[in-house]
Amino acid sequence: MSIGAPDPKSFQGMMDAFAIVAPTAAVEIVLPAFTFGPSCTQIARIVYMNQCNPGQIMMVGAYWLQLAEKYIKAGQGLDDEVSAMDSEMWEGEDCEAFVDQSGRVTMQLFTIGAFALEVGLSLFTIAALLVVMVTAYAALATCLMAMALVYWPLQAFPLTAAAAVAVRTAAMTIAATGLGILQTLDTALTGLGNGLAAFIGGGMTGSWAVLATQGNVVNPVDMVGPTAFNMMNGLAQLALRNAAAPSGGRHVAGGLGHLFVGGQGAYNLGLNANDIAGDGDLNGAEDPRGKYGIDPGNLDFIPYVDTPEGQDEPTGTWEKPGWADDTTADWGGK
Numbered sequence: 029m030s031i032g033a034p035d036p037k038s039f040q041g042m043m044d045a046f047a048i049v050a051p052t053a054a055v056e057i058v059l060p061a062f063t064f065g066p067s068c069t070q071i072a073r074i075v076y077m078n079q080c081n082p083g084q085i086m087m088v089g090a091y092w093l094q095l096a097e098k099y100i101k102a103g104q105g106l107d108d109e110v111s112a113m114d115s116e117m118w119e120g121e122d123c124e125a126f127v128d129q130s131g132r133v134t135m136q137l138f139t140i141g142a143f144a145l146e147v148g149l150s151l152f153t154i155a156a157l158l159v160v161m162v163t164a165y166a167a168l169a170t171c172l173m174a175m176a177l178v179y180w181p182l183q184a185f186p187l188t189a190a191a192a193v194a195v196r197t198a199a200m201t202i203a204a205t206g207l208g209i210l211q212t213l214d215t216a217l218t219g220l221g222n223g224l225a226a227f228i229g230g231g232m233t234g235s236w237a238v239l240a241t242q243g244n245v246v247n248p249v250d251m252v253g254p255t256a257f258n259m260m261n262g263l264a265q266l267a268l269r270n271a272a273a274p275s276g277g278r279h280v281a282g283g284l285g286h287l288f289v290g291g292q293g294a295y296n297l298g299l300n301a302n303d304i305a306g307d308g309d310l311n312g313a314e315d316p317r318g319k320y321g322i323d324p325g326n327l328d329f330i331p332y333v334d335t336p337e338g339q340d341e342p343t344g345t346w347e348k349p350g351w352a353d354d355t356t357a358d359w360g361g362k
């Protein structure tokens, strides 16, 4: 059986496109936010909060689907081999024990494959809605940026002041309409994201339970260290992101939030352009992510350790604990 997992590399072009589109929108929305007021202020917040790469999410989803396909095929292969055994050639307690254990392993393979399929499909689902969101706010930001660039020269001269007012009125109307669309998408994304998170969490709990009944017991204590570290890292970055966000109300609160939106967009444009030109390779001399393992423009100040393929020494500055990188398979003594 094949689930028809797509080739992850087929999403490379989409990933490269959105790597430019999303941060460009963050740069473009800054001037309209200062120029046209309340609706653009709220649009800037939505653009900032939804900075992402749907193409990359789909690529990761494709890897999960490929993983699911491999586990399902492995389970089917083992089941076919056991079923094809000649019962007249081998029988007795040892044969029964082997068949029983093979059945347990087959169930484990199918369970892991089912969970991987669940994760892959969930990632594709959220990515599809994010494609709509990013495309919509990018088009809106480009339109408003163009109108802001037209507005400022017109309002600078008395003879064109009336035209400037007309441009401003039109821009505010477009912004209000566009904001309503983006808010609807944002609400849908929040609901879908929460639902899929619960779906994956339930699938993980269920798969652990099934694996445990088939002899593959995972000790929860072994997961405490990595889980706590990742949660602390994620929550710290979430807090910083929310603190740096522009005002979500109807009035511009200062301007630093909007400036950070544009600055972060420009920062990511540079990083993404270098990634595309370098085929994803990080140059530590030019990119802080490669030299220090941090991403300050995206408020990630916790260094990581990454050992590139073919190298013995890791990059980054974080001294990894023993649980951070376990490359040895544990078959439970079997």
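Numbering (the working numbering), first residue to last: 29 to 362.
Just so you know, even glycine gets a beta-carbon here, dropped at the ideal spot from N, CA and C.
Fair warning: this is a prediction, and the values are worked out from it, not measured in the lab.
For my contact list, residue i and residue j are in at a C-beta cut-off of 8 Å; report their separation, rounded to the angstrom.
i	j	result
Asn302	Asp315	7 Å
Leu59	Met173	6 Å
Arg73	Ala305	Not really, about 31 Å apart at Cβ, beyond 8 Å.
Gly285	Ala54	Actually they are not in contact, since the Cβ atoms of Gly285 and Ala54 sit about 12 Å apart, beyond 8 Å.
Ala96	Ala144	4 Å
Leu168	Gly206	4 Å
Gly330	Asn258	Checking the sequence shown, residue 330 turns out to be Ile, not Gly. At roughly 10 Å, the Cβ-Cβ gap does not stay under 8 Å, so Ile330 and Asn258 are not in contact.
Gly325	Asn296	7 Å
Val289	Ile57	7 Å
Met86	Phe39	5 Å
Leu158	Pro82	4 Å
Gly221	Ile154	6 Å
Ala164	Leu210	6 Å
Glu121	Phe227	No, Glu121 and Phe227 are not in contact; Cβ-Cβ is about 42 Å, not under 8 Å.
Gly141	Ile100	4 Å
Leu239	Met161	With a Cβ gap of about 36 Å, Leu239 and Met161 do not count as contacting.
Quick one: give me the first and last residue of the alpha helix (DSSP H) that residue i is part of.
i	result
Ile140	Glu121 to Gln183
Thr218	Ala189 to Thr241
Cys68	Pro66 to Met77
Met42	Gln40 to Glu56
Val110	Pro82 to Ser111
Asp372	One cannot answer for residue 372 here, as it falls past the ends of the chain, which runs 29 to 362.
Should residue i be listed as close to the ligand PLP, given that the test is whether its C-beta is under 7 Å from any heavy atom?
i	result
Gly230	This structure does not include the ligand PLP; it has no bound ligands of any sort.
Quick one: is residue i buried, meaning 16 or more other Cβ sit within 10 Å of its Cβ, or exposed?
i	result
Ala90	buried
Asp108	exposed
Cys68	buried
Asn300	buried
Gly32	exposed
Phe46	buried
Gln70	buried
Met43	buried
Gly321	buried
Ala184	exposed
His279	Reliability of the predicted coordinates at His279 is poor, the pLDDT of 46 falling under 50, and the value obtained from them is presented with this limitation in mind. Burial call: exposed.
Ser235	buried
Met117	exposed
Pro51	buried
Val193	exposed
Pro248	exposed
Ala225	exposed
Gly282	Model confidence at Gly282 stands at a pLDDT of 49, short of 50, so the residue's coordinates are unreliable and nothing is read from them.
Asp114	exposed
Val245	exposed
Thr233	exposed
Met200	buried
Trp180	exposed
Met175	buried
Thr63	buried
Ser150	buried
Met251	exposed
Asn270	exposed
Asp328	buried
Glu124	exposed
Ala190	exposed
Ala256	exposed
Leu187	exposed
What does residue i pair with, by DSSP beta-bridge criteria?
i	result
Asp323	Asp328
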